[in-house]
Amino acid sequence: MTAFKATADLASLPAIRDFVLGKAKEANIPITLEPKLDLVLEEVLVNIATHAYEGKAGDIEVECTAAPDAFCCSVRDKGAPFNPLQAEAPDLTTDIDARPIGGLGLMFVTTMSDDCTYTRDGDANVLTFCFSL
Amino acid sequence: MDFTQTKNGDTLIVHVAGRLDAVTTTEFDAESQTWIADGNIKVIADLSGLEYISSAGLRSILTAAKQLKGAQGSLAFCGLSGMVEEVFSVSGFAAMFPMFATVDEALAG
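Chains U and P, in that order, are what the protein sequence lines are. If you're matching positions, the first sequence starts at 212 in our numbering and goes up one per residue. If you're matching positions, the second sequence starts at 70 in our numbering and goes up one per residue.
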């Protein structure tokens with residue numbers, strides 16, 4: 212299994228996306244799943260690029276695994292411990308004036324993937340998200 | 070991203086095409102800044118050419134909507150399909166904005 216490593220900034224997004232979507236194509240995931248994978252991956256990466264290293268330089272590592280019943284992606288950073296699955300759920304019922312800017316990204320990670328797990332592995336955060344096939 | 074503007078009476082129709090993600094939101098922000106700057110406060114965004122949107126894209130849309138509302142204007146959407154429609158639905162944006170199937174229906178209000 213090969214891991215893809217890149218610097219944790221927004222400029223790395225297209226290269227990581229190419230890597231993951233390439234792996235997804237090799238695994239023959241249904242075409243309808245691709246936009247969801249694309250979205251969940253972006254939200255995870257943007258969150259790390261924006262918050263994980265608090266302005267300092269750091270890396271993101273991405274690994275993909277394809278099984279007959281699921282395609283999974285593990286994203287690893289060495290920022291401060293943070294479990295994105297425990298983020299507060301946003302209020303989705305407010306009007307335009309009351310709606311805060313932001314806060315939706317991590318919600319998409321859990322609602323658009325079929326399974327999500329977080330582990331703190333030594334000095335690393337590891338978030339794994341899977342799509343059932 | 071590609072933006073094409075057309076005008077119908079006092080309503081600006083903006084056809085949005087491409088991907089609205091964390092990398093391209095600056096293009097959308099630059100586009101939406103021109104709306105109010107040019108005196109357009111009633112805007113219909115036709116998203117039939119939009120292939121993909123993330124939370125970063127929703128952030129830009131909400132920012133533009135707040136500005137239009139602050140100027141006594143409005144923002145409506147039409148032409149959503151696929152994952153764009155799903156993202157609007159899951160996020161509650163579909164309930165927050167006037168949504169229409171086509172530009173004509175949006176113009177009819």
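Yeah, the Cβ is synthetic: ideal placement off N, Cα and C, and Gly gets one too. Values in this document were obtained by computation on a predicted structure and should not be read as measured data.
TODO: Return the residues of the stretch 130-152 of chain P that lie within a Cβ-Cβ distance of less than 8 Å from chain U, sorted by chain order.
DONE: So the close ones are Leu131, Thr132, Ala134, Lys135, Lys138, Gly151 and Met152.
Open item on the list: Given this structure, state the Cα-to-Cα distance separating Asn336 (chain U) from Cys275 (chain U), to the nearest angstrom.
Closed with: Residue numbering aside, residue 336 (chain U) sits at position 125 when the first sequence is read from its first letter. Residue numbering aside, residue 275 (chain U) sits at position 64 when the first sequence is read from its first letter. Rounded to whole angstroms, Asn336 (chain U) to Cys275 (chain U) spans 16 Å at the Cα level.
Task: Rounded C-alpha distance that separates Ala106 (chain P) from Lys247 (chain U) - done: To locate residue 106 (chain P), count along the second sequence from 1; it is residue 37. To locate residue 247 (chain U), count along the first sequence from 1; it is residue 36. Rounded to whole angstroms, Ala106 (chain P) to Lys247 (chain U) spans 35 Å at the Cα level.
Task: Partners in chain P for Lys247 (chain U), counting only beta-carbon separations shorter than 9 Å - done: Stepping through the first sequence from its first residue, residue 247 (chain U) is reached at position 36. Per Cβ cutoff of 9 Å: Met152 and Glu155.
- [ ] Establish whether the CB of Glu253 (chain U) and some CB of chain P are separated by less than 8 Å.
- [x] If you number the first sequence from 1, residue 253 (chain U) lands on position 42. Answer yes: the Cβ-Cβ gap between Glu253 (chain U) and chain P drops below 8 Å somewhere.
- [ ] Could you pull the start and end residues of the beta strand (DSSP E) that Gln74 (chain P) belongs to?
- [x] Within the second sequence, numbered from 1, the residue matching residue 74 (chain P) stands at position 5. Run containing Gln74 (chain P): Asp71 to Asn77, per the beta strand (DSSP E) assignment.
Task: Per-residue burial, Lys234 (chain U) [other beta carbons within 10 Å of its own, 16 or more giving buried] - done: Taking the first residue of the first sequence as 1, we reach residue 234 (chain U) at position 23. Classification for Lys234 (chain U): buried.
TODO: Compute the beta-carbon to beta-carbon distance between Ile271 (chain U) and Leu256 (chain U), rounded to the nearest angstrom, for a pair I have assumed lies under 8 Å.
DONE: Residue mapping note: residue 271 (chain U) aligns to position 60 of the first sequence, counting from 1. Residue mapping note: residue 256 (chain U) aligns to position 45 of the first sequence, counting from 1. Rounded to whole angstroms, the Cβ separation of Ile271 (chain U) and Leu256 (chain U) is 7 Å, and the two are in contact under 8 Å.
Task: Neighbour list for Thr218 (chain U) in chain P, Cβ cutoff strictly below 9 Å - done: In the first sequence, counting from the first residue as 1, residue 218 (chain U) sits at position 7. Neighbours of Thr218 (chain U) in chain P, taken as residues whose beta carbon is under 9 Å from its own, are absent, since the nearest beta carbon is some 15 Å off.
Task: Where the beta strand (DSSP E) containing Leu244 (chain U) begins and where it ends - done: The sequence position of residue 244 (chain U) within the first sequence is 33, counting from 1. For Leu244 (chain U), there is no enclosing beta strand (DSSP E), as DSSP gives it neither H nor E.
Task: 8 Å Cβ cutoff, Asp98 (chain P) in contact with chain U - done: Mapped onto the second sequence, residue 98 (chain P) falls at position 29. For Asp98 (chain P), no CB of chain U lies under 8 Å from its own CB, so it is not counted at the interface with that chain.
- [ ] May I have a chain-ordered list of the alpha helix (DSSP H) segments no shorter than 4 residues that lie completely inside the stretch 81-125 of chain P?
- [x] Taken in chain order, the complete alpha helix (DSSP H) segments of 4 or more residues contained in the stretch 81-125 of chain P are 94-106.
TODO: Report buried or exposed for Leu81 (chain P), applying the criterion of at least 16 other Cβ atoms within 10 angstroms of its Cβ.
DONE: One-based indexing of the second sequence puts residue 81 (chain P) at position 12. Label assigned to Leu81 (chain P): buried.
Open item on the list: Quick check: the Cα distance between Glu155 (chain P) and Lys111 (chain P), rounded to an integer number of angstroms?
Closed with: Translated into the one-based positions of the second sequence, residue 155 (chain P) becomes position 86. Translated into the one-based positions of the second sequence, residue 111 (chain P) becomes position 42. Glu155 (chain P) and Lys111 (chain P): Cα-Cα distance of roughly 25 Å.
Open item on the list: Please classify Arg310 (chain U) as buried or exposed, where buried requires at least 16 neighbouring CB atoms within 10 angstroms.
Closed with: As a first step, residue 310 (chain U) must be located in the first sequence, where it is residue number 99. With 16 or more other Cβ atoms within 10 Å, it is buried.
TODO: Using DSSP bridges, identify the partner residues of Met168 (chain P).
DONE: Start at 1 with the first residue of the second sequence, and residue 168 (chain P) comes out as number 99. Answer is P:Phe146.
Task: 8 Å Cβ cut-off: residues of chain P touching Asp332 (chain U) - done: Counting from 1 along the first sequence, the entry for residue 332 (chain U) is found at position 121. The contacting residues do not exist; Asp332 (chain U) stays about 26 Å from chain P at best.
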